[in-house]
Amino acid sequence: MAARFKNRTQILKLSLNNLGYSLRYLSSTLVQNVPNCSVIPLWSQKVNNFGYLRVFSGNFGVHITGSNSWHGEQSTVSVSLVSDCKDVLKYEKDLGVIREFICCDASNKDDGLSQVTIQTDDNKIFQNFKSTLLERSKLRIEMPHSYELYLNSSSQAPVTVEKLECDDIKIHTEGNCLLSQLKSQLITVNSNSGDILSESSLVGDLELTTNKDGRVHLGKIQGNDMKINCEDGNVMISSLYGGDVLVNTQLGNIIIGDAHGNIEVTSISGDIKCGSISGLLKALSEDGNIETKLTLGGNVNATGLNGNAIIKLDSDLKCKLELSSKTMNITPDLQIHEKSERTADDLTTLTGQTHGAGEQYGTVRCQKGNIDLLQESWFVMPKS
Numbered sequence: 001m002a003a004r005f006k007n008r009t010q011i012l013k014l015s016l017n018n019l020g021y022s023l024r025y026l027s028s029t030l031v032q033n034v035p036n037c038s039v040i041p042l043w044s045q046k047v048n049n050f051g052y053l054r055v056f057s058g059n060f061g062v063h064i065t066g067s068n069s070w071h072g073e074q075s076t077v078s079v080s081l082v083s084d085c086k087d088v089l090k091y092e093k094d095l096g097v098i099r100e101f102i103c104c105d106a107s108n109k110d111d112g113l114s115q116v117t118i119q120t121d122d123n124k125i126f127q128n129f130k131s132t133l134l135e136r137s138k139l140r141i142e143m144p145h146s147y148e149l150y151l152n153s154s155s156q157a158p159v160t161v162e163k164l165e166c167d168d169i170k171i172h173t174e175g176n177c178l179l180s181q182l183k184s185q186l187i188t189v190n191s192n193s194g195d196i197l198s199e200s201s202l203v204g205d206l207e208l209t210t211n212k213d214g215r216v217h218l219g220k221i222q223g224n225d226m227k228i229n230c231e232d233g234n235v236m237i238s239s240l241y242g243g244d245v246l247v248n249t250q251l252g253n254i255i256i257g258d259a260h261g262n263i264e265v266t267s268i269s270g271d272i273k274c275g276s277i278s279g280l281l282k283a284l285s286e287d288g289n290i291e292t293k294l295t296l297g298g299n300v301n302a303t304g305l306n307g308n309a310i311i312k313l314d315s316d317l318k319c320k321l322e323l324s325s326k327t328m329n330i331t332p333d334l335q336i337h338e339k340s341e342r343t344a345d346d347l348t349t350l351t352g353q354t355h356g357a358g359e360q361y362g363t364v365r366c367q368k369g370n371i372d373l374l375q376e377s378w379f380v381m382p383k384s
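As structure tokens, then:
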């Protein structure tokens with residue numbers, strides 16, 4: 001059975017005295033902080049510049065990096081096994097043998113695309129090697145940045161995908177997923193029990209899902225259609241540029257820095273906070289609080305069943321208002337014209353407009369809570 005899973009192309013041999021060289025061999029900044037790694041080249045193959053990469057791993061973490069170093073009409077796919085075990089010498093033999101159970105294959109299709117498949121023999125690896133070694137090892141894959149990616153990792157070890165520019169990226173993992181510098185028509189990530197994290201920009205339509213208390217923490221995201229779903233975890237997004245965006249979590253908080261587009265956010269028991277909105281923000285929280293700021297070009301439709309709401313307005317913003325709550329506090333320096341108030345069913349409803357008639361609106365309803373309506377000047381530092 002071992003022979004069946006040997007690499008189909010020649011495996012580059014590495015003498016044991018080279019096993020401990022520094023991780024500086026790797027180009028990615030995401031893993032350079034791990035010292036004294038053993039890096040074993042497993043496989044390298046020339047492929048066409050465009051194609052597909054499929055990765056199936058059940059024992060290791062996976063680190064995939066895209067490369068734009070085309071050589072004419074061909075590129076290179078390379079696979080290495082990286083381990084940061086403290087006692088490297090103790091596992092030298094295992095590291096050399098384990099590659100027999102990692103199958104790598106590449107083929108060229110009639111349409112000019114290459115298909116690359118990397119698969120680990122999970123059962124054999126689990127039976128023959130200690131968990132200490134497996135937990136501290138990962139597959140390092142360098143691929144053409146233009147390749148579509150399908151990655152399935154059934155290990156709790158983290159997955160990292162970076163520097164790709166392609167049509168489709170699909171990732172299913174059990175643990176944490178780190179994303180960096182990705183541009184694709186569609187990026188789909190499902191983490192069963194981990195977090196989805198990104199500090200850089202993600203460009204393309206997004207479908208991100210975490211289960212249990214898995215979080216989604218993102219930097220800048222940009223796309224036409226985005227869906228982010230969590231069960232109990234928090235969602236944090238530094239800046240969002242979208243067409244239609246859905247963000248949902250049951251128990252977690254949702255925090256968005258700057259939002260542009262039609263944004264719909266829902267949290268059953270968590271808080272919702274949006275630094276500023278240009279477009280439309282629809283926010284619903286049953287037990288949490290809602291806070292946002294209306295700027296030029298922004299509209300808000302917010303509903304809090306048991307919580308409170310804080311709505312901040314840019315100075316000189318022309319905005320139509322409709323506010324309903326048990327209690328209401330309006331900053332004294334905010335003048336509301338054509339003001340009308342009525343009370344029914346223990347709710348006070350206020351309508352009016354600020355600084356004259358305008359197309360923008362803010363509709364806020366807190367059935368059992370309080371609404372604070374504030375006005376901010378751009379040169380005044382808001383209180384934390």
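In this text, residue positions in the sequence shown follow the UniProt record's numbering: the first is 1, and each later residue adds one.
Don't be surprised by glycine CBs; every beta carbon is placed ideally from N, CA and C.
Please identify the residue among the options whose C-alpha is closest to the C-alpha of residue i.
i	options	result
Ser114	Ile98, Ser83, Leu149	Leu149
Phe60	Glu322, Ser269, Lys130	Lys130
Asp271	Gly72, Leu251, Gly175, Ile125	Leu251
Asn192	Lys183, Gly233, Asp205	Gly233
Val55	Leu151, Asp111, Ser137, Arg136	Leu151
Leu179	Glu359, Asp167, Cys166, Glu199	Glu199
Ile237	Lys212, Ser276, Asp213	Ser276
Gln156	Val77, Asn176, Gly204	Asn176
Ile330	Ile371, Lys163, Ile118	Ile371
residue 385	Leu347, Leu313, Ile102	Only positions 1 to 384 of the chain appear in this structure, which leaves residue 385 out of reach.
Cys104	Ser67, Trp43, Gly66, Ser57	Trp43
Gly58	Ile125, Asp168, Leu182	Ile125
Val76	Asp84, Val97, Arg99, Ser107	Residue identity check: residue 76 is Thr in the sequence provided, not Val. Ranking the options by Cα distance to Thr76, first place goes to Ser107.
Phe101	Gln367, Val247, Ile118	Ile118
Leu164	Thr132, Arg99, Asn49	Asn49
DSSP three-state label for residue i, please.
i	result
Ser131	helix
Phe50	coil
Glu100	helix
Lys318	coil
Lys312	strand
residue 385	With the chain covering only 1 through 384, there is no way to say anything about residue 385.
Lys368	strand
Leu151	strand
Gln353	strand
Leu81	strand
Pro41	strand
Gln335	coil
Asp110	coil
Asn211	coil
Counting only the same chain and skipping the five closest in sequence on each side, list residues whose C-beta sits under 7 Å from that of residue i.
i	result
Glu338	Gly352, Gln353
Lys109	Gln115
Excluding sequence positions up to five away, which residues of its chain have a Cβ less than 6 Å from the Cβ of residue i?
i	result
Arg140	His63, Ser80, Val82
Asp244	Asp225, Asn262
Ser239	Lys220, Gly257, Asp258
Lys282	Glu264, Asn301
Thr303	Leu284, Arg365
Glu207	Thr188, Lys227
Asn190	His172, Thr209
Leu374	Lys312, Thr331
Glu162	Thr65, Ser180, Gln181
Glu142	Thr65, Ser67, Ser78
Met1	Residue placement at Met1 cannot be trusted, given a pLDDT of 33 that sits under 50; the coordinates are not used to answer.
Within a Cβ cutoff of 8 Å, which residues of the same chain sit near residue i, ignoring the five residues on either side of it in sequence?
i	result
Gly194	Gln156, Pro158, Thr173, Glu174, Gly175, Asn176, Cys177, Thr210, Gly214
Ile346	According to the sequence provided, residue 346 is Asp. The question's Ile does not apply to it. Excluding sequence neighbours, Asp346 sits near Lys326.
Gly279	Ala259, His260, Gly261, Asn262, Ile263, Gly297, Gly298, Asn299
Gly112	Asn48, Phe50
So, is the C-beta of residue i closer than 8 Å to a C-beta in chain B?
i	result
Ser114	The chain labelled as chain B is not found in the depicted structure, where only one protein chain is given.
Run through the DSSP bridge pairs and tell me what residue i is partnered with.
i	result
Gly66	Met143
Phe56	Gln119, Asn152
Please specify which runs of the alpha helix (DSSP H), each continuous and at least 4 residues long, are wholly inside the segment 259-313, giving them in chain order.
none
Taking the runs of the beta strand (DSSP E) that are 3 residues or longer, which of them lie wholly in the segment 155-193?
159-173, 177-191
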